[in-house]
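Q:
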Amino acid sequence: MAEKKLMKGNEALAEGAIRAGCRFFAGYPITPQNEIPEYMSWRLPQVGGAFVQAESEVSAINMVYGAGATGVRCMTSSSSPGMSLKQEGISYAAGADLPIFIGNVMRGGPGLGNIAGAQGDYWQATRGGGHGDYRCFVMAPNCVTELGNFPHKCFEVAFKYRLPSMVLADGILGQMMEPVEFKHPEIDPKTLTEPAWALGKCEGRDKRIVKSYDLKEGGVEIMVNERVQRYKAIEQSEVLYEEQMIEDADIVLVAYGISSRVCVAAMKQAREKGLKVGLLRPITLWPFPKARLIELSKRVKNFLVVEMSLGQMVEDVALAINGRANVHLHAKPGASVITADEVCKTMDKILKKEAKEYAAVK
Amino acid sequence: MQLLNKKPESLLDVKMHYCPGCGHGIIHRLVAEVMDELGIRGRTVGVAPVGCAVFADTYFNCDMIQGPHGRGPAEATGIKRAKPDTIVFSYQGDGDLASIGMAEIVHAAIRSENITVIFVNNAIYGMTGGQMAPTTLMGQKATTCVEGRNAKQAGYPIRMSEMLATIDGATYLERTTVHTAPGVVKTKMAIKKAFQNQIDGKGFSMVEILSMCPTNWGTRLDNPSEATKFVAEGMLPVFPLGVYKDACAADKK
Numbered sequence: 245m246a247e248k249k250l251m252k253g254n255e256a257l258a259e260g261a262i263r264a265g266c267r268f269f270a271g272y273p274i275t276p277q278n279e280i281p282e283y284m285s286w287r288l289p290q291v292g293g294a295f296v297q298a299e300s301e302v303s304a305i306n307m308v309y310g311a312g313a314t315g316v317r318c319m320t321s322s323s324s325p326g327m328s329l330k331q332e333g334i335s336y337a338a339g340a341d342l343p344i345f346i347g348n349v350m351r352g353g354p355g356l357g358n359i360a361g362a363q364g365d366y367w368q369a370t371r372g373g374g375h376g377d378y379r380c381f382v383m384a385p386n387c388v389t390e391l392g393n394f395p396h397k398c399f400e401v402a403f404k405y406r407l408p409s410m411v412l413a414d415g416i417l418g419q420m421m422e423p424v425e426f427k428h429p430e431i432d433p434k435t436l437t438e439p440a441w442a443l444g445k446c447e448g449r450d451k452r453i454v455k456s457y458d459l460k461e462g463g464v465e466i467m468v469n470e471r472v473q474r475y476k477a478i479e480q481s482e483v484l485y486e487e488q489m490i491e492d493a494d495i496v497l498v499a500y501g502i503s504s505r506v507c508v509a510a511m512k513q514a515r516e517k518g519l520k521v522g523l524l525r526p527i528t529l530w531p532f533p534k535a536r537l538i539e540l541s542k543r544v545k546n547f548l549v550v551e552m553s554l555g556q557m558v559e560d561v562a563l564a565i566n567g568r569a570n571v572h573l574h575a576k577p578g579a580s581v582i583t584a585d586e587v588c589k590t591m592d593k594i595l596k597k598e599a600k601e602y603a604a605v606k
Numbered sequence: 077m078q079l080l081n082k083k084p085e086s087l088l089d090v091k092m093h094y095c096p097g098c099g100h101g102i103i104h105r106l107v108a109e110v111m112d113e114l115g116i117r118g119r120t121v122g123v124a125p126v127g128c129a130v131f132a133d134t135y136f137n138c139d140m141i142q143g144p145h146g147r148g149p150a151e152a153t154g155i156k157r158a159k160p161d162t163i164v165f166s167y168q169g170d171g172d173l174a175s176i177g178m179a180e181i182v183h184a185a186i187r188s189e190n191i192t193v194i195f196v197n198n199a200i201y202g203m204t205g206g207q208m209a210p211t212t213l214m215g216q217k218a219t220t221c222v223e224g225r226n227a228k229q230a231g232y233p234i235r236m237s238e239m240l241a242t243i244d245g246a247t248y249l250e251r252t253t254v255h256t257a258p259g260v261v262k263t264k265m266a267i268k269k270a271f272q273n274q275i276d277g278k279g280f281s282m283v284e285i286l287s288m289c290p291t292n293w294g295t296r297l298d299n300p301s302e303a304t305k306f307v308a309e310g311m312l313p314v315f316p317l318g319v320y321k322d323a324c325a326a327d328k329k
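In the order they appear, the protein sequences are chains A and B.
With our numbering as the guide, the letters of the first sequence map in order to residues 245 to 606.
With our numbering as the guide, the letters of the second sequence map in order to residues 77 to 329.
Here is the structure:
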């Protein structure tokens, strides 16, 4: 068994990125993700990498845009207000097909909001966030070990399909300490093949250009359509989710990240009372486990989406289920924590047919 | 027969889109000649801005990147730190560098990033159609100040070289012009020094180049001397030429 270390979530994410070959980091302080740049500032030089504390999130994402264009595995990290500032650069990275990696530790919003863990940036993360037609590969960990291991997958997918990738965590996961097991072998960047598009030395070959624009009529349409083919391949091959006690479930809880841990507790409470409750936890938020939800909706009557937002992922669940089963929502915005008791009460209401469906008109 | 002069290898033989009388073509050529002379084309990455020079990525014969408006120095930072053995230059206009990208250029200088910045100052937004720039002169007409820039509404033109000269991290700052032949020669020498500094690892260098924009200044396209006169009589008094920082000879403290 691999060695286990007690680490904070943010530190595990940073260490996991380095083990996945990350050698450039640019970031800007913002709570609750500060341990990521702090860790990177001393750890990256140890492995021959570079750390820059940027003057802003805007600058940080553009440093990563530049570093990413050289083919180096690179990342930035931030939290909600800072992620808003990064959206311009993420859109450019998507438009230039750059495989950058972003650590996103959500807090309560909108605006300055607060500094506690929240899940209000699901839409921003999964809908692109910046301008234009594009996607980011988004993974949602629910424990510190996953924070430490997901950067590996994010870099792998980002480089295979050439798109930005993101770990979408929250302030609770970022700040909590748990034993971490790094499951992937450490990647030495020197062993990686330099991508065919990487900028650097054009001596002996044609020059290369990294750009997101094409002013010719129909030029961007061609660029986006080519990208759509890669997005389809990702939706086919890269969906990840976890299921618990789903086989006989009358109600399936759908939750990601920290909310899924509350749901595990709620599910156990409900099972003790004899209720047949299961859990579907999307691990990739984009691509979303749509096909699995469609399959489950043929058998399961009730789905309850639990999230720490005003209700964002619920729309993806409702879209997937498309009226084949009842979709309910238990949501709390503003970084307020949901308890297992509350979820159990909502489940009781659903079974007594007292709960209103999410998409109900009246 | 001996070939005395040729198109620089660092500039591709493609049709440029610049307007008649524009200074960008001259400045592109100077940058390319310097890359040839220093033998750095094969390891240079250029950063194209947003604005008139956006297509610089297709003109220079080296690896190029094009990114968001004003963020050139941040992109250059990322490239240089990720691949320290490359030579990185950021080519920017005055809207790009002195307005939306003010933070990026100032902090690149503060960090003394070992990069070269080519800053083309023509006191106007070109690509978007002649709006007021932070460098627009007092009284100069622009499409967002049709009566001319006035201090009450829009303040005063920014002198970037002078401002950056206050920063310890800035190594070399010179303002030149391309509105005269001697100015072109001096500009090339300044560009060469700015690249040589990077090769020598001396830190942040920027050449601010005063340049013509007949189209958006409204000077006559069939009489380029109107535009050069605007540089001489309008811009030079506000943006005096000269070396504003040269910390190469004596090491910076």
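Using N, Cα and C, we set each Cβ at its ideal position, and we do this for glycine too.
Everything numeric in this text was worked out from a predicted model, so none of it was measured.
Extract the residue ranges of the alpha helix (DSSP H) inside the segment 308–366 of chain A, only unbroken runs of 4 or more that lie entirely within it.
A: Along the length of the segment 308–366 of chain A, whole alpha helix (DSSP H) runs at least 4 residues long occupy 324–339, reported in chain order.
Q: Answer with yes or no whether the minimum CB distance from G312 of chain A to chain B is below 9 Å.
A: yes
Q: Restricting to runs no shorter than 3 residues, where is the beta strand (DSSP E) found entirely within the segment 462–529 of chain A?
A: 485–488, 495–498 and 521–526
Q: Output the distance between the C-alpha atoms of M467 of chain A and D170 of chain B, rounded to the nearest integer angstrom.
A: 30 Å
Q: Closer than 7 Å, Cβ to any Cβ of chain A: which residues of the segment 144–168 of chain B, in chain order?
A: P144, R147, A150, E151, A152, T153, G154, I155, R157, A158, K159 and T162
Q: When burial is assigned at 16 or more other CB atoms within 10 Å of the CB, is N226 of chain B buried or exposed?
A: Counting other Cβ atoms within 10 Å of its Cβ, N226 of chain B stays below 16 and is therefore classed as exposed.
Q: Could you tell me which of A:K404, A:V291 and A:G361 sits nearest to I478 of chain A, measuring between CA atoms?
A: Measuring C-alpha to C-alpha distances from I478 of chain A to each of A:K404, A:V291 and A:G361 identifies A:K404 as the nearest.
Q: I want to see whether chain B comes within less than 9 Å of I453 of chain A, judged by CB atoms only; does it?
A: yes
Q: Leaving out the 5 sequence neighbours to the left and right, which residues in its chain are closer than 6 Å to K329 of chain B when beta-carbon positions are compared?
A: Because K329 of chain B carries a pLDDT of 49, less than 50, the predicted location of this residue cannot be relied on, and no value is offered for it.
Q: Apply the 10 Å Cβ neighbour rule to Q229 of chain B and answer buried if 16 or more other Cβ atoms are within range, or exposed otherwise.
A: Exposed, because fewer than 16 other Cβ atoms sit within 10 Å of the Cβ of Q229 of chain B.
Q: Under the DSSP definition of a beta bridge, which residues are partnered with R263 of chain A?
A: Answer is none; R263 of chain A lacks a bridge partner.
Q: So, is the C-beta of H183 of chain B closer than 9 Å to a C-beta in chain A?
A: yes
Q: A142 of chain B bridges to which residues according to DSSP?
A: The sequence shown places Gln at residue 142 of chain B, rather than the Ala named in the question. Within the DSSP secondary-structure output, Q142 of chain B pairs in a beta bridge with B:A124.
Q: Can you tell me which residues form a DSSP beta bridge with C588 of chain A?
A: Beta-bridge pairing links C588 of chain A to no other residue.
Q: Relative to the alpha-carbon of L529 of chain A, which residue among A:M410, A:K248 and A:N469 has its alpha-carbon at the smallest distance?
A: Nearest in C-alpha terms to L529 of chain A, of all of A:M410, A:K248 and A:N469, is A:M410.
Q: Is it right to say S481 of chain A is buried, meaning 16 or more other beta carbons lie within 10 angstroms of its own, or is it exposed?
A: exposed
Q: Can you pull out the residues from the segment 83–100 of chain B whose beta carbon lies closer than 9 Å to at least one beta carbon of chain A?
A: L88
Q: Distance, Cα to Cα, N469 of chain A vs R379 of chain A?
A: 12 Å
Q: Any contact between the segment 382–395 of chain A and the segment 445–454 of chain A? By contact I mean 3 or more CB pairs, one from each, below 8 Å.
A: no
Q: Comparing C-alpha positions only, which one of A:L523, A:N393, A:P325 and A:M489 sits nearest to G355 of chain A?
A: A:P325
Q: Looking at the structure shown, is F399 of chain A part of a helix, part of a strand, or coil, going by DSSP?
A: helix
Q: Comparing the C-beta of I102 of chain B with each C-beta of chain A, is any distance below 9 Å?
A: no
Q: Looking only at DSSP bridge pairs, what is S166 of chain B linked to?
A: According to DSSP, residue pairing for S166 of chain B in a beta bridge involves B:V123 and B:V193.
Q: Tell me which residue opens and which closes the alpha helix (DSSP H) that N570 of chain A is part of.
A: Membership of N570 of chain A in any alpha helix (DSSP H) is not indicated; the residue belongs instead to the beta strand (DSSP E) covering N570 to A575.
Q: What are the uninterrupted segments assigned as alpha helix (DSSP H) that are 4 or more residues long and contained completely in the segment 249–319 of chain B, given in chain order?
A: 257–275, 290–293 and 301–305
Q: Cβ of P408 of chain A versus every heavy atom of the ligand SAM: is any distance shorter than 8 Å?
A: Because no ligand of any kind appears in the structure shown, any question about the ligand SAM cannot be addressed here.
Q: With 9 Å as the threshold, decide whether the Cβ of V130 of chain B is near any Cβ in chain A.
A: yes
Q: Which residue wins for smallest C-alpha separation from A184 of chain B, given the options B:G148, B:N198, B:Q207 and B:M214?
A: B:G148
Q: How is N546 of chain A classed by DSSP in three states: helix, strand or coil?
A: strand
Q: Could you tell me which residues DSSP pairs with A294 of chain A in its beta bridges?
A: A:F268
Q: Using C-beta distances below 6 Å, list every residue in its chain close to I191 of chain B, excluding the 5 sequence neighbours before and after it, in chain order.
A: A152, K156 and V164
Q: In angstroms with no decimal places, state the Cα-to-Cα distance between P160 of chain B and L484 of chain A.
A: Approximately 38 Å, taken between the alpha carbons.
Q: Quick check on this structure: which residue in A:C398, A:I538 and A:G376 has the alpha carbon closest to the alpha carbon of V472 of chain A?
A: A:G376
Q: Taking 9 Å as the threshold (beta carbon to beta carbon), is F136 of chain B in contact with chain A?
A: yes
Q: With DSSP run on the structure shown, which of helix, strand or coil describes C107 of chain B?
A: Cys is not the amino acid found at residue 107 of chain B; the sequence shown has Val there. Here V107 of chain B sits in helix by DSSP.
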